[in-house]
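Undergrad: Everything in the sequence shown is counted per this note's numbering, starting at 1 for the first residue and increasing by one.
Beta carbons are placed, not taken as given, at the ideal position from N, Cα and C, and that holds for glycine.
Please read these numbers as outputs of a predicted model, since none were measured by experiment.
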Amino acid sequence: MADEGTTDVAEVEQRRDAPDRRLQPVILGGDIGAYSLARTFHEAYGVRAVVVSTVSTGLVRHSRILTNVVEPRMDEPDAVVARLHAIADQHADADLILMGSADWLVRTIVEQRSRLEDRYTIPYTTRERLDLVTDKESFGRLCGELGLAHPTTVVHDVGSGGVPDTAHLRFPVIAKTGNTAAYHLVEFPGKKKVFTVDTPEELTALLEKVRASGYTDTFVIQDMIPGDDSGMRILTCYSDRDGRVRFACFGDVLLEEHTPGALGNPAGIITGPGHELVAQATRLLEHIGWTGWANFDLKHDPRDGRTVFFELNPRLGRSNFYITSAGQNTAEITVREHVQGLDPLPEGAATELTTEHLYTVLPKRLLLRYLADPALGERVRRLWRSRRVTNPLWYRHEWDPRRVAYLVVAQLNQFRKYGTHYPVEVWRAAGGRP
Numbered sequence: 001m002a003d004e005g006t007t008d009v010a011e012v013e014q015r016r017d018a019p020d021r022r023l024q025p026v027i028l029g030g031d032i033g034a035y036s037l038a039r040t041f042h043e044a045y046g047v048r049a050v051v052v053s054t055v056s057t058g059l060v061r062h063s064r065i066l067t068n069v070v071e072p073r074m075d076e077p078d079a080v081v082a083r084l085h086a087i088a089d090q091h092a093d094a095d096l097i098l099m100g101s102a103d104w105l106v107r108t109i110v111e112q113r114s115r116l117e118d119r120y121t122i123p124y125t126t127r128e129r130l131d132l133v134t135d136k137e138s139f140g141r142l143c144g145e146l147g148l149a150h151p152t153t154v155v156h157d158v159g160s161g162g163v164p165d166t167a168h169l170r171f172p173v174i175a176k177t178g179n180t181a182a183y184h185l186v187e188f189p190g191k192k193k194v195f196t197v198d199t200p201e202e203l204t205a206l207l208e209k210v211r212a213s214g215y216t217d218t219f220v221i222q223d224m225i226p227g228d229d230s231g232m233r234i235l236t237c238y239s240d241r242d243g244r245v246r247f248a249c250f251g252d253v254l255l256e257e258h259t260p261g262a263l264g265n266p267a268g269i270i271t272g273p274g275h276e277l278v279a280q281a282t283r284l285l286e287h288i289g290w291t292g293w294a295n296f297d298l299k300h301d302p303r304d305g306r307t308v309f310f311e312l313n314p315r316l317g318r319s320n321f322y323i324t325s326a327g328q329n330t331a332e333i334t335v336r337e338h339v340q341g342l343d344p345l346p347e348g349a350a351t352e353l354t355t356e357h358l359y360t361v362l363p364k365r366l367l368l369r370y371l372a373d374p375a376l377g378e379r380v381r382r383l384w385r386s387r388r389v390t391n392p393l394w395y396r397h398e399w400d401p402r403r404v405a406y407l408v409v410a411q412l413n414q415f416r417k418y419g420t421h422y423p424v425e426v427w428r429a430a431g432g433r434p
C-alpha cells in the first residue's frame with residue numbers, strides 16, 4: 001500500500017513552524033479515526049499522542065506512534081475528566097491539545113470544557129452551536145433556509161411513543177438516531193447506526209424496540225436516496241476563530257463500511273474538486289458562526305441531479321486521513337491556530353484541495369468488486385498504479401511485528417465481513433451492477 005505525503009521524523013522536528021513548547025496531543029477514542037488523528041500529529045510534529053479508549057483495540061495496540069491509556073468508564077464524564085487531569089499532570093511541561101474521534105466524545109469534551117480548558121487547548125465550537133447542528137430537525141431547517149438540498153425528513157420523539165407521521169415519505173426509508181451521544185449509551189438486539197426500513201409496520205416495531213432499550217430522544221426518518229454507496233459524497237471544512245471557512249476538502253465515496261457498528265462510514269474515497277458544494281457548506285457554516293472542523297455527509301440523487309446534505313458531524317470524521325493523504329495535514333491547521341496563535345493555513349497552502357488521491361481501508365480486489373462503473377474502477381486502478389493511494393493504518397514508522405500481523409489478518413478479514421454484512425447480491429439490489 002502506497003504511503004504518500006509522509007515525512008521523516010528528523011525532518012518534522014526541524015520544521016520552521018514547530019511549537020515552541022513540547023506538543024502533546026490527547027485523543028479520546030480507540031477506533032480508526034482516533035488512530036488517524038494520532039498519525040497526523042506524528043507526521044506533522046513527530047510526537048506520540050496519548051489515545052484514551054474504553055478498551056485496548058487492535059487499531060491502537062502495539063503502536064509506535066501513540067501511547068494507549070485504557071479508561072473503562074469513558075461513558076462517565078467525571079471519570080473522563082479525572083483521567084484527563086491525571087494525564088495532564090504527567091505532561092505538565094507540554095502544550096496539551098484535546099480531541100475526540102466520535103460525536104459523543106466531542107460532546108463530552110464540549111460539555112466539560114470548564115473543567116478542562118485550564119489544562120488543555122480545546123479546538124471545538126460552543127455547546128449552543130453543537131446543539132444547533134446535531135439536532136437533525138434544526139439542521140434540516142437551516143438547509144431549507146439557506147438553499148441547501150436536504151432529504152424529506154420526519155423527526156419522531158421516541159420517548160413519547162406513538163406512530164410517526166410518514167405521510168410525506170416514500171418507503172423504504174432510512175431511520176437513524178437524532179442524538180448520537182444518547183444512542184451510544186443504549187443496547188438492544190439488532191442495533192445499527194443506520195436502518196433501512198421497508199414498511200410503516202416495520203418502522204413502528206423498530207421504534208418500539210429502541211424505546212424499550214431506554215432511549216427516549218429523537219429518531220430521524222428520511223427519504224432514501226436511491227443508488228449504492230458510490231453516490232455518497234464527503235466534505236470537510238475548517239472555520240477559523242472568526243467563523244470564516246478557510247479550508248475545504250471534498251471527496252467521492254466509493255464504498256462504505258457495512259458492519260452494524262460502523263455502517264455508513266466511508267471505506268474508500270477519491271478526493272477532487274467540489275466547488276459548488278463547498279460554497280453551499282460555507283454559506284451554512286458562516287451563517288451560524290461555526291468554528292473548527294465540520295464534516296458533512298452528502299449523497300447525489302440520480303432522480304434530479306441534486307446532491308443532498310444529510311448531516312454535519314462536529315469534528316474530523318472517522319475517515320479524516322483522506323484529507324492528510326491528499327496533501328494537507330489536519331493537525332497542522334489545528335495546531336497553528338489553536339496552539340501557536342498563527343494563521344491556520346501555512347503560507348501558500350491551498351484553501352481547497354483538488355488533488356485526486358485514493359483513500360481506502362480495504363484491499364484493492366475487495367474495493368474493485370463493489371464498483372459498478374468501469375470508469376470508476378479504472379480511476380482506482382490508475383491511482384493505485386501511480387501510488388496515489390493511502391491506507392491510514394499502514395504507516396512506515398509502525399514496524400512492531402505484532403501490529404503488522406494484526407493488520408494483515410484484519411485486511412483479509414474484510415472479505416469475510418463484506419461477505420457477511422454486504423454480499424454482492426445485496427449490493428446489486430441496492431443499485432450496483434455485475
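Short of 6 Å in beta carbon distance, which residues of its chain neighbour T133, apart from the five on each side in sequence? Order them along the chain.
TA: For the sequence presented, residue 133 should be read as Val rather than Thr. Taken in chain order, the residues that qualify are F139, L312.
Undergrad: Tell me which same chain residues have a C-beta within less than 8 Å of the C-beta of L105, skipping the five on either side of it?
TA: L28, G29, M74
Undergrad: With burial defined as no fewer than 16 other Cβ atoms inside 10 Å of the residue's Cβ, what is the status of P151: buried or exposed?
TA: It counts as buried.
Undergrad: Excluding the 5 residues preceding and the 5 following L255 in the sequence, name in chain order all residues of the same chain whose CB lies nearer than 8 Å to its CB.
TA: Contacts found: D229, S230, P266, A267, G268, L362, L367, Y370, L371.
Undergrad: Does the distance from the CB of R318 to the CB of G33 come in under 9 Å?
TA: yes
Undergrad: Am I right that I122 and H397 are in contact with their C-beta atoms under 8 Å? What's the rounded C-beta distance?
TA: Contact flag wrong, Cβ pair sits at about 28 Å.
Undergrad: Around the Cβ of Q280, are there at least 16 other Cβ atoms within 10 angstroms (buried) or fewer (exposed)?
TA: buried
Undergrad: From the DSSP secondary-structure annotation, give me the bridge partner or partners of T420.
TA: Paired residue(s): none; T420 is not in a bridge.
Undergrad: Hey, would you say R181 sits closer than 9 Å to R129, going by beta carbons?
TA: First, the amino acid is wrong: residue 181 is Ala here, not Arg. Not a contact, by the Cβ cut-off of 9 Å.
Undergrad: Use the C-beta contact count for E208: other C-beta atoms within 10 angstroms, 16 or more gives buried, fewer gives exposed.
TA: With fewer than 16 neighbouring CB atoms inside 10 Å of its own CB, E208 falls in the exposed class.
Undergrad: Less than 8 Å between the CB atoms is what I'm expecting for F321 and P392, so what's the real figure, rounded?
TA: 4 Å
Undergrad: Against chain B, does C249 count as a neighbour if the rule is that its beta carbon must be under 9 Å from one of theirs?
TA: Among the chains in the structure shown there is no chain B, since it carries only a single protein chain.
Undergrad: Please confirm whether T271 and C249 have their CB atoms less than 9 Å apart.
TA: yes
Undergrad: Count the C-beta pairs between the segment 395 to 414 and the segment 53 to 62 that are closer than 8 Å, then say yes if the count reaches three, no if not.
TA: yes
Undergrad: When DSSP labels each residue in this structure, what does S319 get in the three-state scheme?
TA: Note: S319 maps to coil in three-state DSSP.
Undergrad: Under the three-state reduction of DSSP, which class applies to K209: helix, strand or coil?
TA: The three-state secondary structure of K209, taken from DSSP, is helix.
Undergrad: Please indicate yes or no: does the CB of R129 lie closer than 8 Å to some heavy atom of the ligand PLP?
TA: As presented, the structure is devoid of all ligands, the ligand PLP included, so that no description of it is given.
Undergrad: Using CA atoms only, rank isn't needed, just tell me which of V335, G341, K299 is closest to E43.
TA: V335
Undergrad: My output table needs one value for W293: the three-state DSSP class, helix, strand or coil.
TA: strand
Undergrad: Could I get the ranges of all uninterrupted beta strand (DSSP E) runs contained in the segment 25 to 104, with 3 residues as the minimum, in chain order?
TA: Here the runs fully enclosed are 49 to 53, 66 to 70, 94 to 100.
Undergrad: Look at the alpha carbon of A326 and the alpha carbon of V389, and state the distance between them as a whole number of angstroms.
TA: 9 Å
Undergrad: Anyone know if the C-beta pair for R83 and V110 falls short of 9 Å?
TA: no
Undergrad: For T7 and R39, what's the separation of their Cα atoms in angstroms?
TA: Note that T7 has pLDDT 41, beneath the 50 cutoff, so the model's placement of it is unreliable and the number below is only indicative. Going from the Cα of T7 to the Cα of R39 covers about 11 Å.
Undergrad: With burial defined as no fewer than 16 other Cβ atoms inside 10 Å of the residue's Cβ, what is the status of N68: buried or exposed?
TA: buried
Undergrad: Locate the beta strand (DSSP E) running through V173, then write down its first and last residues.
TA: Run containing V173: 173 to 177, per the beta strand (DSSP E) assignment.
Undergrad: I need the straight-line Cα distance from E356 to D217, nearest angstrom please.
TA: 40 Å
Undergrad: For W290, which residues from the same chain have a beta carbon less than 7 Å from its beta carbon, with the 5 sequence-adjacent residues on both sides left out?
TA: T125, R129, S239, G243
Undergrad: Assign H184 to one of three DSSP states: helix, strand, or coil.
TA: helix
Undergrad: I need the boundaries of the beta strand (DSSP E) containing G251, first residue and last residue.
TA: 245 to 256
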